[in-house]
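Scroll down for the structure; my scribbles are underneath it.
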Amino acid sequence: MAQEALKIWMEVPADIRSKLLSNVWCPDCRTAVTICDYNAEFSGGVVVLHGFCATCGHKVARVLEGCQKRPEKETKKSSQKAKRALNHFIFNVWLYGDYPPTQTNRIIRKIQIAETKSLYNFAKVITQAFDFYFDHCFGFYNDFNRPQDSKKAYELFYDLDDVEPPAPHVKSVKRTKIQQVFKQPGDKMLFLFDYGDGWQFTVELEEIKQAEKWDLKPVILESIGKAPLQYPPCEDEFEEDET
Ligand SMILES: [Zn+2]
26 MAQEALKIWM EVPADIRSKL LSNVWCPDCR TAVTICDYNA EFSGGVVVLH
76 GFCATCGHKV ARVLEGCQKR PEKETKKSSQ KAKRALNHFI FNVWLYGDYP
126 PTQTNRIIRK IQIAETKSLY NFAKVITQAF DFYFDHCFGF YNDFNRPQDS
176 KKAYELFYDL DDVEPPAPHV KSVKRTKIQQ VFKQPGDKML FLFDYGDGWQ
226 FTVELEEIKQ AEKWDLKPVI LESIGKAPLQ YPPCEDEFEE DET
């Protein structure tokens, strides 16, 4: 099993392999680092490298969505044919949910993300793109004016154990892939983040592009407008800072 994973990994061209090895997220260093002493394993049908951060020694891992397990009992030729191309979805994400945005008040992030990522992953990337902490519950809804009446809804509440389960039609954000919700350019959802502060984002699929097979990391392609502070300092703190 692990040997097969390693074999698939070694079939990746050497220059791409070394690029991937030197671009692994370390949660301790909070940056991309080089992975060392790694081994390859299958997880959910794709190859995952497990190893250690070359800088601090913390455990790190890298998922290689492009390196998929081959279907058994298939010749190499037919498995290559059967392999479906992976796509990047390119989204425009507007803060405030105002649609269409006005020329003067545009806060947009253009985000490229693999179609196979979960809505949970997507939410994380969106919040990072706007410099928000990923520290609150959220959901995706098809009804922009009355999210609670949405016929299509995906909430983190579904995935949490210690909260009341959401309404029966609400689905998981961790087990729903982006491609299951967004089908074609123009498809839109409301992303509601933090039910207290109620940050609203309009998420619209703009373009579908065939992905480079080996690197499916999300990318922020464009940033328009300055994101507001998620936690603006209160006035007292502000005065203290001034003096
Ligand atoms: Zn580290």
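With the working numbering as the guide, the letters of the sequence shown map in order to residues 26 to 268. Cβ atoms here follow ideal geometry from the backbone N, Cα and C, with glycine treated the same way. Remember, predicted model here, so these are calculated numbers, not experimental data.
The beta strand (DSSP E) with residue i in it runs from where to where?
i           : result
residue 42  : Counting along the chain, residue 42 falls outside any beta strand (DSSP E), though it belongs to the alpha helix (DSSP H) covering 39–46.
residue 12  : Here the chain has residues from 26 to 268 only, and residue 12 is not among them.
residue 67  : 60–68
residue 137 : 133–139
residue 246 : 244–249
Bridge partners for residue i per DSSP, in chain order?
i           : result
residue 175 : Residue 175 is not bridged to any residue.
residue 224 : 218
residue 27  : Beta-bridge pairing links residue 27 to no other residue.
residue 165 : 179, 216
residue 84  : 77
residue 112 : 235
residue 51  : 56
residue 119 : 133, 227
residue 196 : 179
residue 89  : 72
Under 9 angstroms between the Cβ atoms of residue i and residue j?
i           : j           : result
residue 132 : residue 245 : no
residue 143 : residue 199 : yes
residue 149 : residue 247 : no
residue 139 : residue 236 : yes
residue 157 : residue 137 : no
residue 121 : residue 184 : no
residue 230 : residue 172 : no
residue 194 : residue 178 : yes
residue 72  : residue 33  : yes
residue 181 : residue 169 : no
residue 232 : residue 210 : yes
residue 61  : residue 77  : yes
residue 79  : residue 59  : yes
residue 83  : residue 53  : yes
residue 255 : residue 155 : yes
residue 208 : residue 228 : no
Does residue i have its Cβ less than 9 angstroms from a Cβ in chain C?
i           : result
residue 113 : No chain C appears in this structure, which consists of one protein chain only.
Would you give the residue range spanned by the alpha helix (DSSP H) that residue i belongs to?
i           : result
residue 205 : 203–206
Would you mind working out which of the options sits nearest residue i, comparing C-alpha positions?
i           : options            : result
residue 220 : 201, 211, 240, 165 : 165
residue 118 : 77, 91, 226, 62    : 226
residue 253 : 201, 152, 193      : 152
residue 241 : 29, 49, 39         : 49
residue 206 : 114, 222, 182      : 114
residue 222 : 177, 232, 251, 257 : 257
residue 243 : 89, 255, 94        : 89
residue 28  : 66, 51, 62         : 66
residue 55  : 41, 39, 81, 36     : 81
residue 202 : 192, 92, 75, 141   : 141
residue 111 : 204, 154, 251, 45  : 204
residue 174 : 192, 187, 159      : 192
residue 218 : 41, 63, 159, 251   : 159
residue 43  : 87, 186, 70, 69    : 87
residue 36  : 196, 94, 51        : 94
residue 64  : 40, 46, 186        : 46
Following a CB-centred definition, is residue i positioned closer than 8 angstroms to any heavy atom of ligand 3?
i           : result
residue 245 : Annotation note on ligand 3: not contained in the displayed structure, which lists ligand 1 as its ligands.
- Item | Residues passing the C-beta test against ligand 1 heavy atoms, cut-off 6 angstroms | This criterion selects 51, 53, 54, 58, 78, 80, 81, 83.
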